[in-house]
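Chains A and B, in that order, are what the protein sequence lines are. Anchor point for the first sequence: position 214 equals 214 in full-length UniProt numbering, and the numbering is continuous, going up by one each time. Anchor point for the second sequence: position 241 equals 241 in full-length UniProt numbering, and the numbering is continuous, going up by one each time. Note that the Cβ used here is the ideal one computed from N, Cα and C, for glycine as well. Everything numeric in this text was worked out from a predicted model, so none of it was measured. In what follows, a single structure is set out as structure tokens and then discussed.
2 protein chains.
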Amino acid sequence: MTALWLIVLCGVLSIVYAIWATSSVLGADAGSPRMQEIAGAVREGAQAYLRRQYTTIGIVGIVIFLLLAYFLGIYVAVGFAIGAILSGAAGFIGMNVSVRANVRTAQAATTSLAGGLELAFKAGAITGLLVAGLALLGVTLYFGFLTYSLKLAPDSRTVVDAMVALGFGASLISIFARLGGGIFTKGADVGGDLVGKVEAGIPEDDPRNPATIADNVGDNVGDCAGMAADLFETYAVTAVATMVLAAIFFAKTPILASMMTLPLAIGGICIITSIIGTFFVKLGPSQSIMGALYKGLIATGVLSLIGIAGVIYYLIGFGKLDGVDYTGMALFECGVVGLIVTALIIWITEYYTGTDYRPVKSIAQASVTGHGTNVIQGLAVSMEATALPAIVIIAGILVTYSLAGLFGIAIATATMLALAGMVVALDAFGPVTDNAGGIAEMAGLPKEVRKSTDALDAVGNTTKAVTKGYAIGSAGLGALVLFAAYNQDLKFFVADSAHHTYFAGVNPDFSLNNPYVVVGLLFGGLLPYLFGAMGMTAVGRAAGAIVEEVRRQFREKPGIMQGTDKPDYGKAVDLLTKAAIKEMIIPSLLPVLSPIVVYFVIYAISGGGAAGKSAAFSAVGAMLLGVIVTGLFVAISMTSGGGAWDNAKKYIEDGHFGGKGSDAHKSAVTGDTVGDPYKDTAGPAVNPMIKITNIVALLLLAILAH
Amino acid sequence: MTALWLIVLCGVLSIVYAIWATSSVLGADAGSPRMQEIAGAVREGAQAYLRRQYTTIGIVGIVIFLLLAYFLGIYVAVGFAIGAILSGAAGFIGMNVSVRANVRTAQAATTSLAGGLELAFKAGAITGLLVAGLALLGVTLYFGFLTYSLKLAPDSRTVVDAMVALGFGASLISIFARLGGGIFTKGADVGGDLVGKVEAGIPEDDPRNPATIADNVGDNVGDCAGMAADLFETYAVTAVATMVLAAIFFAKTPILASMMTLPLAIGGICIITSIIGTFFVKLGPSQSIMGALYKGLIATGVLSLIGIAGVIYYLIGFGKLDGVDYTGMALFECGVVGLIVTALIIWITEYYTGTDYRPVKSIAQASVTGHGTNVIQGLAVSMEATALPAIVIIAGILVTYSLAGLFGIAIATATMLALAGMVVALDAFGPVTDNAGGIAEMAGLPKEVRKSTDALDAVGNTTKAVTKGYAIGSAGLGALVLFAAYNQDLKFFVADSAHHTYFAGVNPDFSLNNPYVVVGLLFGGLLPYLFGAMGMTAVGRAAGAIVEEVRRQFREKPGIMQGTDKPDYGKAVDLLTKAAIKEMIIPSLLPVLSPIVVYFVIYAISGGGAAGKSAAFSAVGAMLLGVIVTGLFVAISMTSGGGAWDNAKKYIEDGHFGGKGSDAHKSAVTGDTVGDPYKDTAGPAVNPMIKITNIVALLLLAILAH
């Protein structure tokens, strides 16, 4: 009980930090009236979009809430609501800070790079710590309420189902936010660039471009709010899955409650280390932005190492654990592996997306020979970028499994995600600086300001790719954990088929010899591809609509280009809002419906009865791994490849291979455009898609059991 | 015995057809001296390249031959040699016909479209029937020699290993030919287009472009010889895998020999139906080229249905079969499913790559807004194009498994590939018409000729994509068959561990619960990505070298552009030959070495001993499925996407969205360039890569057993 309260305290600390940092950000100089006017337009657009998005999701959410309440009871439905509301809140609050920090960052950058970095990073850290803190608080408080206030057994069906439903709520918000935000931001970005840079020949963020406010709105609703919901979901689902496994492995041992608390405790201590870490982010004499961020990350990592050791010692000790054949020390070592995997994935992603290394330079070099070779090399880099992360994940699985079996893998994954506060902070400063650059451009601030914000933005491209690689990497590392949660749940129902008569005689076979397993793997493998295709198409359509709209405005108001007439920014924002909300629905339903459809189709094809159920459960289980096997590669290739394309363009703009305006630059802009939906729409949405598929499968089991 | 001789007769018939068709092609008018001069240059270049490629592969081949002879005995090594030599021969002969048919097709097209189609298709049919005929003869004669002349039991280790080695020989040639040829052809194509079309502003195949002969050489060495080796390999490996399964499932039954002969007999009868089918390819009054090809395909399909029924009735009857619980009728139905899967995959591929349907039109439409949107839409189409084929394959697995278990899937796959003669014929006419167009352009033939060859070429883009989808689709359908061959072999050695002491105490666990299985799936999944990245990079590098070379020639010989000086075509051919040979080695070794490395690394990590062996065998087995799960999607997306990009360009060139020279056309050229290495280098090479991984795993078992 004390442990739970201490964990809650950590969560509260993150909120205290957020409040302090918010007031500190809001206290900064908000710049000239012109800057505030622009920022105001961005803020209004972002809030209007988010309001509409949440209303739409709210309707879907209420339907699901009622269904869950009907099928699985009110506690499960409330779990779902908590996950959904907190996930939405993390994104909403983060975005609201972001749209206020952007103009202040632009103002601070007029003085120094360090000032800009400090403000932008502080804004990012608010989102980061809210994500981790709210996720931790939601899971911990609801778990505590169910087990201590309602006195339910920690491993009872209601508690497990309620925790899974919490993950589901978070995932559902996340996929809508990722996709809707992604379609909005990239529709604006691609469409705006096409008419602006390519057709009209005006620079990025030029105030004459009617899509420019929408582009800046997009940074906030996609890169900030969407990302926050995604990481919230990843954090919550991993914590929940680890708790479910603990409930199974340590059932009927005296350490059950401690083991279930362990992932939460690791999350709690890492919030504190993340808060401390944020104070280490300071620009050194080398003026290296990435170096400053690394300082914060390394400080957090080292402190977490010590903190996790303390937590494990306090909760379960380093000695042999009841009921299993490994020690607390082994679990600590698994946590260390989780930190190492995080570090390696960050480092590999930086290599593939940073402007200092071969991959980005090779894309820049390939731009010299044209659009085609730029894209070919970018695609080659994007595919290559999957190899090392996959090998790191494979090594992580092998090492942690040998240390402490499946639960070792779970603890490593939970530890990996415990750093979410810091990692999200590194990412969420990106949209703030991107916006700051836009505001600087539109408000006509001196060139040096834009140079500072551009430098921050280039690093932001890398850190954005890092967060995505980290999120999907944790899904890969945790693949077996998610599958095990399904498998163990299924075993539970089968063993208890006296109460759960639906499962009588069911005997799933997850061997690769079983054709239903192969079918499941292939079907799961298809999901990220189909989902990616839908996301890309949606962006293409939204961008096309923007192109038409901007052309119309240029045509009807010739004064815009001369600067004598003002473009109608609101129209573009409005158009994209509608497009994004409409386009996000069907792809989001794909992972929700797939496990259900696969189950019933296979059940029918394989002749029904207990044999049909066995076949169908086997196929659904295999599907959960299939979606990770291709999803891991699709997501990493898209997010790293997109980041590399973007930075190859920045590398050329820095004066290499002919610099701005050269043919190489034009080719690099094409690559950047291609990379946009890759890295910011389709790629990052794969992670919540994987989670939803897994969680819906768990809920399907629970519903069939009733 | 009679059955084997009848099958051999079918194989011989294919060769008789090839000889007749060759003399008929060579008897056609070879055009003007200028045309013959150009065709001569293409022929010389292609022969020079193939000589060099085969020399290099020959060296690798001799090393492997010696290793196999040492480890597994001379019969196994001879099997390897037979597979390698015949696979090479199919490509070599096909290409030699192709380089003679090209100029004759150009000449025939001066009279009529029908004349051009007839000649080009006849040339393609030679390659097609040689592929099927030589593969069938190789497998049948060597199997007959081992079992009848040497009196070895059909299911003895020597026979099984020798057959597997035959598949390995074919696969090894195939991956080198696919990659080497693919790098050559796309290096020439991409590089030539970049300097020619984009920089110098001269049309495709303009004789002033020093890379133009190399481009035409590439069509022959990549699209013709490489493709032939690939399909030979697919045909041989599937036949062998089905025979291996028959040897296991029907061991010690009186019908063992008949069941092992069955896949060969189906192949034999389908050669006859394919030969008949070729005579149905005639341009109707509607002048629809695709319609003419479909007539031949449908005739072959319908006749094959009847023929396969006859073969099954004659060999094993329609009644219940010894030792299993399904009937001959059920196996016939599986064959029907194989034909239906083939038809559906062809139809789906046509939908995604044909100029008459939404996907290609959507890419053409997206070209209007620029290079970026063209590529985004192309990538979206490429990903979407995987969904329906995957679902067809899934349905095929489910239906055939429910009809006749694993052997039913094997028979369906074998039937699917029995049509290879006809399918390859549909494909191999593509490079002939592509060349014919080039020759027409260079020799300054009237515009209408080029129009005829362009119409043929557009259909060729679709049929090329069809063959690739068909080859990889058969790998997907046969995934379980390939895995089963590994699993059953492993079981055999474990059960007989008294003789094969290495396998004592080994107990592999292929369940998805096993972390080694998940690790194997992920590692297998990574291979197509890394392999694809290598292929794309290689093309980029080769194209870059060509760009430099062409620029150098333009600079040093200014007369080239005025038409007063002749470019040095040989230099570009030579340069690409060296580049392709060099670049093909490392990616080709990836699938050869991966199973071996994974085995020993996992063995070491998991602590060695029998437990370590069990873990390692489990991981290798899972890797075989992992490589198919991602490989299927990578390959289909690349081949269909590339075809769609190419035809979107053609669609615009036909006068849509502004036609030739418009901005939309420029964007479409970019998409076409990106699609080139996608569809002709990386994508198609995934299929032999999957097979090699599987076959090396089988050979690894055999070697460890010794």
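Residue-level contact to chain B via CB, residue i, 8 Å cutoff
i, result
"Ala-387/A", "yes"
"Tyr-148/A", "no"
"Phe-523/A", "yes"
"Met-536/A", "yes"
"Ala-225/A", "no"
Neighbouring residues, chain A, relative to residue i (Cβ below 7 Å)
i, result
"Gly-532/B", "Met-383"
"Ser-511/B", "Phe-510, Ser-511"
"Asn-487/B", "Asn-513"
"residue 717/B", "Shown here, chain B extends from 1 to 706; a query on residue 717/B therefore has no answer."
Residues near residue i by beta carbon distance below 6 Å, same chain, minus five either side
i, result
"Ala-543/B", "Gly-187, Val-190, Gly-191"
"Leu-403/A", "Ala-330, Glu-333, Cys-334"
"Ile-298/A", "none"
Residue i versus residue j - alpha carbon distance
i, j, result
"Val-592/B", "Pro-688/B", "11 Å"
"Val-620/A", "Asp-509/A", "11 Å"
"Ile-397/A", "Val-337/A", "9 Å"
"Ala-428/A", "Ala-545/A", "28 Å"
"Asp-230/A", "Asp-356/B", "40 Å"
"Asp-155/B", "Ala-485/B", "13 Å"
"Leu-256/A", "Val-311/A", "16 Å"
"Gly-182/B", "Gly-563/B", "31 Å"
Partner residues on chain B for residue i, Cβ-Cβ distance less than 8 Å
i, result
"Ser-329/A", "Checking the sequence shown, residue 329/A turns out to be Met, not Ser. Going along chain B, no residue has its Cβ under 8 Å from Met-329/A, so there is no contact; the nearest lies around 19 Å."
"Leu-194/A", "Thr-369, Gly-370, Gly-372, Thr-373"
"Thr-670/A", "Gly-370, His-371, Gly-372, Val-375, Thr-670"
Heavy atom of the ligand GDP within 7 Å of residue i beta-carbon
i, result
"Gly-11/A", "The ligand GDP is absent from the structure shown, which contains no ligand whatsoever."
Nonlocal neighbours in the same chain, by C-beta distance under 8 Å from residue i, ignoring five residues either side
i, result
"Ile-7/A", "Leu-136, Thr-140, Thr-261, Leu-264, Ala-265, Gly-267, Gly-268"
"Gln-36/B", "Ala-30, Val-103"
"Ser-24/A", "Lys-122"
"Val-368/B", "Phe-657, Gly-658, Asp-663, Ala-664, Ser-667"
Per-residue DSSP class, three states only, for residue i
i, result
"Ser-156/A", "coil"
"Thr-147/A", "helix"
"Ser-474/B", "helix"
"Thr-693/A", "helix"
"Thr-467/A", "helix"
"Lys-320/B", "strand"
"Thr-373/B", "helix"
"Ser-511/A", "strand"
Any chain A beta carbon closer than 8 Å to residue i
i, result
"Tyr-54/B", "no"
"Gly-476/B", "yes"
"Ile-248/B", "no"
"Thr-564/B", "no"
"Ala-597/B", "At residue 597/B the sequence reads Val, which differs from the Ala that was named. It does not: the Cβ of Val-597/B has no partner Cβ on chain A nearer than 8 Å."
"Leu-632/B", "yes"
"Val-686/B", "no"
Closer than 8 Å at the beta carbon, the chain E residues around residue i
i, result
"Pro-677/B", "Any reference to chain E falls outside this structure, whose protein chains are A and B."
Contacts of residue i in chain B (Cβ-Cβ under 9 Å)
i, result
"Gly-182/A", "Here the premise fails: no neighbours, minimum Cβ distance about 13 Å."
Cut-off 7 Å between Cβ atoms - residues of its own chain near residue i, not counting five sequence neighbours on either side
i, result
"residue 709/B", "Outside the shown range of chain B, which is 1 to 706, sits residue 709/B, and nothing can be said about it."
Partners in chain A for residue i, counting only beta-carbon separations shorter than 8 Å
i, result
"Ala-443/B", "Going along chain A, no residue has its Cβ under 8 Å from Ala-443/B, so there is no contact; the nearest lies around 28 Å."
"Tyr-401/B", "Pro-515"
Residue i: contacting residues in chain A (beta-carbon distance under 9 Å)
i, result
"Thr-673/B", "Gly-370, His-371, Gly-372, Thr-373, Val-375, Ile-376"
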